[in-house]
Amino acid sequence: MTFLTKTAAALLILTTAACTNPDRLGGGGLNGQGAAGANAGLSGAASDPSSPAFFNQTIGDRVLFAVDQSTITPEGRAILDGQAQWLLANSDYRAVIEGHADEQGTREYNLALGFRRANAVREYLVSRGVPAGRLEVTSYGKERPIEICSNESCYAQNRRAVTVLSFSAITS
Amino acid sequence: MMKRFLSVLLALMLAGPVLAQGGPLRLTITDGVIEPITFAAPRFEVETPGAEGVASDISRLVVQDLAGTGLFREVPSTAFISQITSFAQPVAFADWRAINAQALIVGAVAVSGEQMTVKFRLYDVFSGQELGQGLQFAGTTSGWRRVAHKVADAVYSRITGEGGYFDSRVVFVAESGPKDNRQKRLAIMDYDGANVQFLTDSSSIVLAPRFSPNGDRVLYTSFESGFPRINVLNVATVGRQQLATAPGEMAFSPRFSRDGQSVIYSLSNGGNTDIYRTDLNTGQHLRLTSAPSIETAPSLSPDGSQIVFESDRSGTQQLYVMSANGGEARRISFGPGRYGTPVWSPRGDLVAFTKQNAGRFHIGVMRLDGSEERLLTSSFLDEGPTWSPNGRVIMFSRETQGATGASSIYSVDISGRNLRAVPLQGGASDPSWGPLQP
Numbered sequence: 042m043t044f045l046t047k048t049a050a051a052l053l054i055l056t057t058a059a060c061t062n063p064d065r066l067g068g069g070g071l072n073g074q075g076a077a078g079a080n081a082g083l084s085g086a087a088s089d090p091s092s093p094a095f096f097n098q099t100i101g102d103r104v105l106f107a108v109d110q111s112t113i114t115p116e117g118r119a120i121l122d123g124q125a126q127w128l129l130a131n132s133d134y135r136a137v138i139e140g141h142a143d144e145q146g147t148r149e150y151n152l153a154l155g156f157r158r159a160n161a162v163r164e165y166l167v168s169r170g171v172p173a174g175r176l177e178v179t180s181y182g183k184e185r186p187i188e189i190c191s192n193e194s195c196y197a198q199n200r201r202a203v204t205v206l207s208f209s210a211i212t213s
Numbered sequence: 461m462m463k464r465f466l467s468v469l470l471a472l473m474l475a476g477p478v479l480a481q482g483g484p485l486r487l488t489i490t491d492g493v494i495e496p497i498t499f500a501a502p503r504f505e506v507e508t509p510g511a512e513g514v515a516s517d518i519s520r521l522v523v524q525d526l527a528g529t530g531l532f533r534e535v536p537s538t539a540f541i542s543q544i545t546s547f548a549q550p551v552a553f554a555d556w557r558a559i560n561a562q563a564l565i566v567g568a569v570a571v572s573g574e575q576m577t578v579k580f581r582l583y584d585v586f587s588g589q590e591l592g593q594g595l596q597f598a599g600t601t602s603g604w605r606r607v608a609h610k611v612a613d614a615v616y617s618r619i620t621g622e623g624g625y626f627d628s629r630v631v632f633v634a635e636s637g638p639k640d641n642r643q644k645r646l647a648i649m650d651y652d653g654a655n656v657q658f659l660t661d662s663s664s665i666v667l668a669p670r671f672s673p674n675g676d677r678v679l680y681t682s683f684e685s686g687f688p689r690i691n692v693l694n695v696a697t698v699g700r701q702q703l704a705t706a707p708g709e710m711a712f713s714p715r716f717s718r719d720g721q722s723v724i725y726s727l728s729n730g731g732n733t734d735i736y737r738t739d740l741n742t743g744q745h746l747r748l749t750s751a752p753s754i755e756t757a758p759s760l761s762p763d764g765s766q767i768v769f770e771s772d773r774s775g776t777q778q779l780y781v782m783s784a785n786g787g788e789a790r791r792i793s794f795g796p797g798r799y800g801t802p803v804w805s806p807r808g809d810l811v812a813f814t815k816q817n818a819g820r821f822h823i824g825v826m827r828l829d830g831s832e833e834r835l836l837t838s839s840f841l842d843e844g845p846t847w848s849p850n851g852r853v854i855m856f857s858r859e860t861q862g863a864t865g866a867s868s869i870y871s872v873d874i875s876g877r878n879l880r881a882v883p884l885q886g887g888a889s890d891p892s893w894g895p896l897q898p
C-alpha cells in the first residue's frame, strides 16, 4: 500500500477501486444514497433460482448480529450457506458485503464493528468455497439504519451484514 | 473565504498602570461555582454618519459572546445612569459602580464606504483604571462579526488571563432528511453558528471532519467510492485529495498531527482495525498498533509525543495512551461503562471523551492518568467532543431518539455548566473546533 497525496496516484487507485464495483443491482448504497442494504429493483423473478431476486428474497441477502457482536449465528449460517451455493452457481456475480451497526455506539467504533461483521460474512462465504476475489467488504457503521425507531426491535434489524450483488463480466 | 483579514492597526495611547491598588478585575476560572463578572457595554459610539447599524450590531455581538460564556453577565442599558457620548471622554466611574458594573466596555465605529475602523477600551470600574490598552481594528463592514468577536476575545482574555475563542470557526457535518436516508455534507460556521458555508454536496456520506492546526485544511471520511476513505480538503479552494488506500482497506477517524504534516487514523483490513500514521509529504506510513481488537479514534497530545485512543482489547471500548510512535499502551479509563472518541485538550491537562453507561451517553473529561473523571452531559446520544482553542469549552453532537430523531451541536464548559445548542438551520453533527483566527 502506497500512501501518496497530492499526486495522481491517489486518484488512480480510487478509479481502480471504482472499476471493481460495476453497476450494482439494487439500491445497495454506492455513494451512500439509499444505502439501506436492500437489493431492491432487481431483475428476475423470485421463482427463478438463478435470479438475484431469488438470492435476496428466498435465500435472504442479510444476516443479523447480537449487540456488539460479529459472530455468525446458526440462523445466519443457514442463510450464508444458501448464499454461497447461489454464488458458486452464478459465477457472473460479485458481491459487496456491507456491515452495519445500530445507533447505540460511537461513530468510529460502529464503522469498525460493521467492518468486523462484513468480514465475518466474507470469511464464512470463502470457507464455503466462494472465491475471495469476488467478495468485497465495506462498512456503513450506524449511518444507514433501515429501521428508525430507538428500541431493540429496530436495533436488531439494523445490526446486519447485507450481501449486495453486482453483475460483472470481470473475472476475479 | 478567509478574505477578511483583520489587522490590529495600533494600540491607542497607553493607559495608566494596568494593575490598580485594591485588586484588579480578574476572573480566575476554576471548577468551583463562580459568580459572573458584571459588565456594561453601551452601544459603540457612532463616529461617522452611516455607522449606526454596524455599531449596534457589533455592540450586541460583543455582549452575546461574553454573556454566552456564562462567566459574564450584562448590566442592561436600562439601568445606566450615565451615557458614553464620546470615546475620548473621561469615564464617570461612580455612575458605573452605582449600578454594579464591574467592567465597562467602550467602543467607537467609523465607516467610510465599505471600510470601517473599530476602537474599544476596557475599564475596571471598581479600581477606576483602564484594563489593558485601547485597540483599533480595521476591516470591511461585512466583516463586522469578526471584529466583534475580536473585541470580545480581548475582553475575555484580559479579564480571565486566558486566550479567547470567539473569533474561531467550526467545521461540521450538516444533516438533512430522515434517519434512514440522511443526507450529509461538510459545512463550516463561525463558533456561534453564523456564516454557514457548505464545503461539499450531499452526494455521498461524509463523516467526522477535523481541522488542521492552523485551520487551512480539513480531514474527513468520505463514502464517495462506496468504501470509507480519508479526504483532505483545502478550506480556501475547496479542492480535495484522497489519501491512497489499497483495495479492501477502509480508512477513517483521521486527525492531523500538531504540525499539520502527517495524519493519524484508523485503517481496517481483514476485519481488523488498527492505528496508523502517514506523512503527508513523503507518503511514508507507520503502523502504530497491532492487535486483533478495534483500535480507533486516535488523538495526539499537544506536544505531539503521545496518542490517546480507544480500544476494545479488554472486551469493551476503553481509553489508552501510548507513545506517538506506537508501542506499549496504558489503559486510563476504569469507571463503569464504555469510553470512546478521546480528544486531548489543547492545554494538555485533560482528555475529553464519549461515555456509554446504563443506556445513556455522556460527554466527560478526565486527567491523563484517568483520575478526576467528570461527566459534563447526559442524554440519549451525546458523542464526539471537540475542544475550544483555549481548552475551556467543548462542543459535541447530540442526537435525539426515535424515528424523528435529529442531530444538533451543543457546547458545554468543562465544569459542566452553560450547556447550550449552537443555533443552526437543520441538523448538524461531528463538530471540529478550529484555531483562533489571526
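Which chain is which? The protein sequence lines are R and A, in order. So the mapping is simple: the numbering used here equals the position in the first sequence, first residue as 1, plus 41. So the mapping is simple: the numbering used here equals the position in the second sequence, first residue as 1, plus 460. Every residue, glycine too, gets a C-beta built ideally from N, C-alpha and C. It should be emphasised that the depicted structure is a prediction, and the values quoted were computed from it without experimental measurement.
Look at R:GLN110: its C-beta is not under 9 Å from any C-beta on chain A. For A:TYR651, no beta strand (DSSP E) segment is defined, and its DSSP state is neither H nor E.
By the C-beta criterion, the segment 596-610 of chain A is judged to be in contact with the segment 620-638 of chain A, since at least 3 inter-stretch pairs fall below 8 Å. Residues of chain R with a Cβ closer than 7 Å to the Cβ of A:LYS639 are, in chain order, PRO186, ILE189.
For A:ASP842, the enclosing beta strand (DSSP E) starts and ends at 842-847. Under the three-state reduction of DSSP output, A:SER761 falls in the coil class, being neither helix nor strand. Taken through DSSP and simplified to helix, strand or coil, R:ASN160 comes out as helix. Using a Cβ-Cβ cut-off of 9 Å, A:ALA668 counts as an interface residue toward chain R, since at least one Cβ of chain R sits closer than that to its own.
A:LEU760 has a beta carbon lying at 9 Å or more from every beta carbon in chain R. Annotation note: the segment 120-192 of chain R contains the following uninterrupted alpha helix (DSSP H) runs of length 4 or greater, listed N- to C-terminal: 148-168. Contact check for A:ALA704 and A:TYR725: beta-carbon distance about 13 Å, past the 8 Å limit, so the pair fails to qualify. Residue-level contact check: A:GLN861 touches chain R, since one or more beta carbons of chain R fall below 9 Å from its beta carbon. Taking a beta-carbon distance threshold of 9 Å, A:ASP772 counts as an interface residue toward chain R. Listed by position along chain R, the residues whose Cβ is nearer than 9 Å to that of A:PRO688 are LEU152, PHE156, THR179, SER180, TYR181, GLY182. Interface criterion not met: the Cβ of R:GLU193 is under 9 Å from no Cβ in chain A. Shown in chain order are the members of the segment 122-147 of chain R whose Cβ falls below 8 Å from a Cβ of chain A: VAL137, GLU144, GLN145, GLY146, THR147. Following the DSSP letters along the chain, one finds A:LYS815 inside the beta strand (DSSP E) bounded by residues 810-817.
Note that the C-beta distance between R:PHE106 and R:ARG169 is not below 9 Å.
Here A:ASP525 is buried: its Cβ has 16 or more other Cβ atoms, across all protein chains shown, within 10 Å.
The C-beta of A:PHE658 comes no closer than 9 Å to any C-beta of chain R. Going by DSSP, A:SER726 is part of the beta strand (DSSP E) stretching over 722-729.
A Cβ-Cβ separation of about 19 Å leaves A:ARG790 out of contact with A:LYS815 under the 8 Å criterion. Boundaries of the beta strand (DSSP E) around A:GLY894: 887-896.
Of A:THR529, A:LEU521, A:GLY730, the smallest CA-CA separation from A:PRO752 is found for A:GLY730. Each residue's CA atom was taken as its position, placing A:LEU835 and A:ARG807 some 19 Å apart. Annotated as distal: R:GLN124 and R:THR179, with beta-carbon spacing of 9 Å or more.
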